[in-house]
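Here is the structure we will look at.
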Amino acid sequence: MLGTLPVIDLVALGDYFCRQWRAGYGRPNAGRAPLATRDELNIDVFDESGLFLGCVDMVYPGEKVAIEYLGMLHGESWAQDVERLAALRAAGWTVIEATGPLLKRPAELVRRVSAALGR
Numbered sequence: 448m449l450g451t452l453p454v455i456d457l458v459a460l461g462d463y464f465c466r467q468w469r470a471g472y473g474r475p476n477a478g479r480a481p482l483a484t485r486d487e488l489n490i491d492v493f494d495e496s497g498l499f500l501g502c503v504d505m506v507y508p509g510e511k512v513a514i515e516y517l518g519m520l521h522g523e524s525w526a527q528d529v530e531r532l533a534a535l536r537a538a539g540w541t542v543i544e545a546t547g548p549l550l551k552r553p554a555e556l557v558r559r560v561s562a563a564l565g566r
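Dropping the structure here:
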């Protein structure tokens, strides 16, 4: 889904999320767990019969909650995004749509995710 980014940016993002925080000079976060593993990035979602529903940005699979970022870059694929999110909802998933304005209100985004998780 990030295929429009230059390779150097993709490498930087992968490093940021999957980095192993090792001890050494200038490394204040030694021992910190990675934010994600390679397997946790670009999660594919399937329904109970094994039908592919889509690849989501962030997922809580046990709770069937998906968080999807819908930015201005999605303009050309907007209709596909709408159909993919409809398929997720039809399969019993709660989908939280995060937009640029919502990301500027992180407390509200966290509230929505927490409510969807029943917390």
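Using this note's numbering, the first residue of the sequence shown is number 448, and each one after it goes up by one. Glycine is no exception: its CB is placed at the ideal position from the N, C-alpha and C atoms.
Checklist line | Between the CA atoms of Arg469 and Tyr516 - distance to the nearest angstrom | finding: Cα atoms of Tyr516 and Arg469: separation of roughly 31 Å, rounded to the nearest angstrom.
Next item on the list: Tell whether a beta-carbon distance below 7 Å holds between Cys465 and Arg485.
Entry: yes
Note to self: Count Cβ pairs between the region 527 to 538 and the region 552 to 560 that sit closer than 8 Å; are there 3 or more?
What the structure shows: no
Next item on the list: List the residues that DSSP assigns as beta-bridge partners of Val454.
Entry: Val454 pairs with nothing; no bridge assigned.
Note to self: Below 8 Å on the Cβ atoms is my contact criterion, and I expect Ala563 with Leu535 to pass it. Report the Cβ-Cβ distance as a whole number of Å.
What the structure shows: With a Cβ gap of about 12 Å, Ala563 and Leu535 do not count as contacting.
Notebook entry, point to check: Roughly how many angstroms lie between the CA atoms of Asp494 and Trp540, to the nearest whole one?
Noted result: 10 Å
Checklist line | Boundaries (first-last residue) of the beta strand (DSSP E) holding Gly501 | finding: Phe499 to Val503
Note to self: Classify Ala477: buried if its beta carbon has 16 or more other beta carbons within 10 angstroms, exposed otherwise.
What the structure shows: By the neighbour-count rule (16 or more Cβ atoms within 10 Å), Ala477 is not buried but exposed.
Item checked: Counted within 10 angstroms of its Cβ, other Cβ atoms place Ala545 as buried (16 or more) or exposed -> buried
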